[in-house]
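Trainee:
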Amino acid sequence: WQHGAAEDARQEAGRARQANDAVAEVLAAPDAKVSTTRLEGGAVGTVVVSSSLDRAVFAASGMAPPPAGKVYQLWYDDGGTMRSAGLMDPGATAEATLLEGPVRQASGVGVTVEPAGGSPSPTSDPVAVLALPRA
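So the sequence shown is numbered by the numbering used here: it starts at 13 and just counts up by one.
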């Protein structure tokens with residue numbers, strides 16, 4: 013069992029390293045554009061978009077953890093249609109999160125509180141909505 017646990021830990025560390033590398037790539041992109049907005053409860057949300065990479069990163073500071081059994085889910089706003097962009101790590105509300113999927117022509121990013129595991133579409137009003145920066 014120790015070998016299996018060690019292998020699981022190695023794989024998890026590898027995934028975390030890849031995610032960190034992808035976040036760093038977006039943040040360092042020559043065409044990276046930044047938008048910052050004050051959120052509910054005094055938190056601050058920031059979105060960084062790289063059009064050349066077609067990727068975005070969301071970061072929040074001062075954001076309260078989600079309620080028990082809930083998660084923060086990120087969404088792209090595609091002309092009023094919300095497209096899931098992944099889940100925030102509930103214990104990492106002050107860390108940068110690489111949004112899943114391409115930015116494409118999304119006009120903004122929303123954050124909702126969803127049941128653990130996320131939802132196919134938003135089930136609550138957004139706690140944050142940020143306009144995506146454009147060139």
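A virtual CB, placed ideally from N, CA and C, is assigned to each residue, including glycine.
Just to confirm before moving on: does the CB-CB distance between residue 74 and residue 91 stay below 8 Å?
Mentor: Not in contact: residue 74 and residue 91 (Cβ atoms no closer than 8 Å).
Trainee: Quick one: Cα of residue 136 to Cα of residue 85, how far?
Mentor: Cα-Cα distance, rounded: 10 Å.
Trainee: Buried or exposed: residue 13, going by 16 or more other Cβ atoms within 10 Å of its Cβ?
Mentor: With a pLDDT of 48 at residue 13, under the threshold of 50, the modelled position of this residue cannot be trusted, and the question is left open.
Trainee: Would you mind working out which of 129, 125, 143 sits nearest residue 118, comparing C-alpha positions?
Mentor: It is 143.
Trainee: How far does the beta strand (DSSP E) with residue 94 in it reach, from first residue to last?
Mentor: Start and end: 93-99.
Trainee: Using a Cβ-Cβ cutoff of less than 7 Å, which residues in the same chain neighbour residue 138 once the five nearest sequence positions on both sides are dropped?
Mentor: Result list for residue 138: 122, 123, 124, in chain order.
Trainee: Give the C-beta separation of residue 38 and residue 63 to the nearest angstrom, bearing in mind that I take them to be a contact with Cβ-Cβ under 8 Å.
Mentor: Actually they do not touch by this definition, with Cβ atoms about 11 Å apart.
Trainee: Please classify residue 76: does DSSP put it in a helix, a strand, or coil?
Mentor: Residue 76: coil per DSSP, three-state reduction.
Trainee: Taking 6 Å as the limit between beta carbons, can you name the residues of its chain near residue 140, skipping five residues before and five after?
Mentor: Once the five neighbours on either side are set aside, the close Cβ partners of residue 140 are 51, 57, 123.
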